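Sequential numbering from 1 applies to the sequence shown in UniProt numbering.
This report concerns only the one structure given below.
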Amino acid sequence: MARWLPRSNDLTRFCQKLNRVKTLEDDMMETSFNRCLSTIDLTLLGIGGMVGSGLYVLTGTVAKEIAGPAVIVSFIIAGFASLLAALCYAEFGARVPKTGSAYMFTYVSVGEIWAFLIGWNVLLEYMIGGAAVARAWSGYLDSIFNHKIKNFTETHVGVWQVPFLAHYPDFLAAAILLVATAFISFGAKVSSWLNHVFSAISMGVILFILIMGFVLAQPKNWSTQEGGFAPYGLSGIMAGTATCFYAFVGFDVIAASSEEARNPQRAVPRAIAFSLGLATGAYILVSVVLTLMVPWHTLDPDSALADAFYRRGYAWAGFLVAAGSICAMNTVLLSNLFSLPRIVYAMAEDGLFFQVFSRVHPRTQVPVVGIVVFGLLMALLALVFDLEALVQFLSIGTLLAYTFVAASIIILRFQQQKADVPAPAASGRPNPEPHEGPSGGELKEYESFSDKLQLVDRDKSKEQREPGQLKAAFEPYLEFLSDFYPGEVVTVAVVTLMVSAICLCSILVFGNTHLHLPTWSYSLLLVLFSLGFLLSLLLIWAHEQQHSTQTFQIPLVPLSPALSIILNIYLMLKLSYMTWLRFAIWLLLGLLVYFGYGIWHSKENLRELQPQRVSARYVVFPGGSLEERVQAVQPTSQPATGLPDTDTNDCKR
């Protein structure tokens with residue numbers, strides 16, 4: 001019976017397949033897409049993804065039911081928390097200017113199966129999100145006409161009483177999605193132009209709301225007679241922060257569009273910073289004027305802004321607010337339909353999803369098959385399904401993507417740089433001068449036999465340490481860690497950090513409510529898991545990291561990504577158990593797709609199956625005298641970094 005059990009070597013190879021990382025091309029600026037988007041285009045795409053119906057609905061809901069006028073503080077904290085995740089996306093978007101967003105970032109640093117699951121969850125997130133916005137758009141327009149559209153449909157089509165299905169088919173929501181799909185299919189420039197139009201109208205309406213709102217502001221609405229500024233206290237502010245956090249989830253459209261940016265190294269970080277700053281400012285200022293115009297406890301959660309103007313005697317302003325809301329929802333629809341096919345394209349291009357979705361139209365230079373197929377699926381969802389029960393599912397997919405991108409930043413920052421792969425911002429690496437000798441302990445590279453010659457200084461006191469190696473100051477205390485491969489200890493520390501964060505957040509969320517822990521055990525577990533988190537953080541910090549001036553880098557690594565990780569995990573654990581159950585079912589379906597198709601058709605898998613040419617790498621180690629030893633290293637297989645092959649016949653010349 002033992003012979004039927006898998007051998008340890010087979011298990012090792014299987015795990016290596018699951019965790020293999022994507023090999024990037026030498027020229028990451030080469031693409032089948034049309035690089036036509038400027039910084040302004042990307043910024044407006046990001047604003048369109050963030051400033052949607054939430055500005056017109058979410059502000060009033062949080063102000064009345066959760067935080068009161070202190071919703072302003074909730075948006076400030078939520079904006080800062082979103083900034084941590086946005087900076088991670090900005091660094092990756094500049095360093096890896098490829099479409100795919102969180103999927104691509106995870107694939108190049110963490111591993112294949114994790115990247116597939118992130119992409120699989122983001123795929124559903126965009127489909128449900130786009131369909132939900134389309135139904136909200138339809139409902140908002142229907143309310144303007146006193147629900148005549150709904151009444152007509154129910155009278156002539158009928159009403160459904162089926163679980164998970166809508167009460168009636170929403171033809172208007174499906175129609176707007178089909179129209180948006182048609183426009184998106186015309187190319188990135190057309191989509192960007194359409195987004196400009198709707199964004200300009202939306203921002204004009206927001207500017208009108210702010211000017212009129214400050215004119216009509218009454219400071220007494222924040223007074224103690226009306227309940228004060230923070231009637232629900234600190235707990236209300238933090239609960240409001242958790243809700244407001246989801247208002248900023250649209251910035252990842254910028255990272256998904258990096259392969260169509262003219263200069264992604266500059267445009268992506270700037271666009272993310274500008275769009276997040278403008279969106280945060282819009283949410284904060286609208287919250288200020290809304291709670292100053294009328295008392296917060298009298299707000300109408302469904303149409304707070306329009307109702308506030310109506311009660312102050314400006315009923316005509318409600319039509320402008322309605323126009324702004326519809327235009328804002330149009331930009332969110334375009335954002336979802338723009339991003340989703342590109343993430344599917346990236347997965348199909350890598351062989352992890354069905355190959356038909358990797359086709360790019362030769363004229364419009366967009367993945368037209370993915371746009372049409374997923375546009376139709378999104379329209380079907382909006383037509384027949386009740387999406388209210390599934391909307392909360394959006395949160396867990398977004399937060400999981402944020403968590404893995406933050407972890408990927410730490411892992412990638414402490415990995416050795418691929419010397420043979422040029423940086424995206426540069427057209428090529430200048431040839432090293434062969435006459436230079438080893439001095440100052442610097443690593444010198446020489447071209448010889450179409451490969452690299454490296455001069456390595458064996459004197460550790462003068463050695464320039466590579467990323468992932470232990471810092472010299474910590475070597476006397478942590479000498480046993482110096483034997484590990486550079487970056488290996490950091491990877492283990494990141495896993496330990498994430499496990500500690502999960503345990504710590506679980507105690508914070510469930511310790512007093514579901515687990516009913518005694519005070520002493522609650523405090524003890526908090527201290528233990530906090531120490532595990534901090535020690536993992538310190539262990540990562542004790543290693544050297546990459547420092548690049550060519551592309552944007554998030555400051556305070558590993559602290560900034562670690563804070564993003566623990567915040568995202570805390571918010572995920574605050575979601576309902578039904579959300580986690582649906583998430584688990586969707587993950588199982590994704591695993592069936594991966595093990596049934598993706599793992600076998602992966603380009604990395606096909607690359608491993610190709611016969612490898614024997615290559616030679618020569619490393620020159622300077623000795624104590626003027627003599628030098630030349631050592632030929634014959635690798636058994638081609639390394640993941642993609643060093644250029646060297647014909648062994650060249651060595652005889």
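The C-beta atom is built at its ideal place from N, Cα and C for all residues, glycine as well.
Bear in mind the structure is a predicted one, so any value in this text is a computation, not a measurement.
Selection from the options that minimises the alpha carbon distance to residue i
| i | options | result |
| --- | --- | --- |
| Pro-69 | Leu-194, Thr-153 and Thr-224 | Thr-224 |
| Ala-542 | Met-293, Pro-467, Gly-318 and Thr-39 | Pro-467 |
| Ile-410 | Leu-340, Pro-341 and Phe-105 | Phe-105 |
| Ser-82 | Leu-276, Val-356 and Arg-262 | Leu-276 |
| Leu-400 | Thr-551, Phe-186, Ala-102 and Met-347 | Ala-102 |
| Met-50 | Ala-282, Trp-137, Val-122 and Ser-109 | Ala-282 |
| Leu-588 | Val-62, Leu-117 and Ala-382 | Leu-117 |
| Val-289 | Leu-559, Tyr-56 and Val-190 | Tyr-56 |
| Tyr-570 | Thr-243, Ala-175 and Thr-99 | Thr-243 |
| Gly-397 | Val-286, Phe-274 and Val-249 | Val-249 |
| Ser-564 | Leu-528, Leu-84, Ala-273 and Glu-608 | Leu-84 |
| Ala-346 | Lys-22, Val-489 and Ile-72 | Lys-22 |
| Leu-177 | Met-578, Phe-208, His-297 and Ala-132 | Ala-132 |
| Tyr-485 | Ser-602, Ser-408, Tyr-477 and Gln-469 | Gln-469 |
| Ser-408 | Ser-339, Thr-491, Ala-134 and Ala-78 | Thr-491 |
| Ala-78 | Ser-109, Ala-247 and Tyr-522 | Ala-247 |
| Leu-141 | Ser-395, Ala-322 and Phe-357 | Ala-322 |
| Gly-213 | Val-197, Leu-285 and Ser-185 | Leu-285 |
| Ile-209 | Asp-170, Gln-546 and Ser-325 | Ser-325 |
Beta-carbon proximity list for residue i, same chain, < 8 Å, skipping 5 on both sides
| i | result |
| --- | --- |
| Phe-533 | Leu-497, Ser-500, Ala-501, Leu-504, Ala-562 and Ile-566 |
| Cys-15 | none |
| Leu-165 | Val-384, Phe-385 and Asp-386 |
| Ala-180 | Asn-330, Leu-333, Leu-334, Leu-337 and Gly-375 |
| Gln-610 | none |
Cutoff 7 Å; reference residue i; Cβ partners in own chain excluding five residues on either side
| i | result |
| --- | --- |
| Glu-154 | Tyr-168 |
| Leu-18 | Gly-111, Glu-112 and Ile-113 |
| Leu-37 | Ala-188, Ser-192, Ser-257, Glu-260, Ala-261 and Arg-262 |
| Asn-195 | Leu-44, Leu-45, Gly-48, Thr-331 and Leu-334 |
| Lys-460 | Per-residue confidence for Lys-460 stands at a pLDDT of 43, beneath the threshold of 50, marking its modelled position as unreliable; no derived number is given. |
| Gln-553 | Glu-91 |
| Glu-475 | Ser-482 |
| Val-62 | Val-71, Ser-74, Gly-240, Thr-243 and Cys-244 |
| Asp-529 | The displayed chain sequence assigns Phe, not Asp, to residue 529. For Phe-529, where only same-chain residues beyond five positions count, the Cβ hits under 7 Å are Ser-500, Cys-503, Leu-504 and Ile-507. |
| His-516 | none |
Opposing strand residues paired with residue i [DSSP bridges]
| i | result |
| --- | --- |
| His-543 | Leu-470 |
| Thr-552 | Per the sequence presented here, residue 552 reads as Phe, with Thr not at that position. Phe-552 is not bridged to any residue. |
| Leu-165 | Phe-385 |
| Ala-261 | Leu-37 |
Range of the contiguous alpha helix (DSSP H) that encloses residue i
| i | result |
| --- | --- |
| His-196 | 188 to 215 |
| Ser-143 | 112 to 144 |
| residue 679 | Coverage of the chain is limited to positions 1 through 653, which leaves residue 679 absent and any answer about it impossible. |
| Lys-603 | 603 to 609 |
| Arg-465 | Premise fails: Arg-465 is in no alpha helix (DSSP H) and is neither H nor E. |
| Pro-482 | Here the sequence assigns Ser to residue 482, which means Pro is not the residue at that position. Here Ser-482 belongs to no alpha helix (DSSP H), and DSSP marks it neither H nor E. |
| Pro-558 | No alpha helix (DSSP H) contains Pro-558, which DSSP labels as neither H nor E. |
| Ser-506 | 488 to 510 |
| Tyr-107 | 102 to 107 |
| His-156 | 148 to 156 |
| Glu-349 | 317 to 349 |
| Val-179 | 171 to 184 |
Sequence-distant residues of the same chain with beta carbon closer than 6 Å to residue i, five excluded per side
| i | result |
| --- | --- |
| Ser-32 | Val-360 |
| Ala-426 | Note on Ala-426: pLDDT 39, under 50, position unreliable in the model; no value is reported. |
| Leu-539 | Ala-493 |
| Val-366 | Gly-187 |
| Arg-95 | Thr-551 |
| Ala-423 | The predicted position of Ala-423 is uncertain, since its pLDDT is 41 and thus under 50; no value can be drawn from it. |
| Gly-52 | Ala-328, Met-329 and Val-332 |
| Ala-174 | Ala-379, Ala-382 and Leu-383 |
| Gly-60 | Leu-299, Pro-301 and Ala-304 |
(request) Decide if the region 281 to 295 is in contact with the region 207 to 225; the criterion is three or more beta carbon pairs, one per stretch, under 8 Å apart. (result) yes
(request) Inspect the CB distances between the region 158 to 172 and the region 364 to 372 and report whether three or more fall short of 8 Å. (result) no
(message) Contact between the region 84 to 99 and the region 264 to 271 is defined here as three or more beta-carbon pairs at a separation below 8 Å; is this criterion met?
(response) yes
(message) Can you confirm whether the region 310 to 318 touches the region 233 to 240 when touching is taken to mean that 3 or more C-beta pairs between the two stretches lie within less than 8 Å?
(response) no
(message) Whether or not the region 509 to 527 and the region 376 to 383 are in contact is what I'm after, with contact meaning three or more pairs of Cβ atoms, one per stretch, closer than 8 Å; do they touch?
(response) no
(request) Determine, using beta-carbon pairs with one atom in the region 138 to 149 and one in the region 338 to 358, whether at least three such pairs fall under 8 Å. (result) no
(message) Could you check whether the region 22 to 30 touches the region 119 to 131, counting it as contact only if at least three pairs of C-beta atoms, one from each stretch, sit closer than 8 Å?
(response) no
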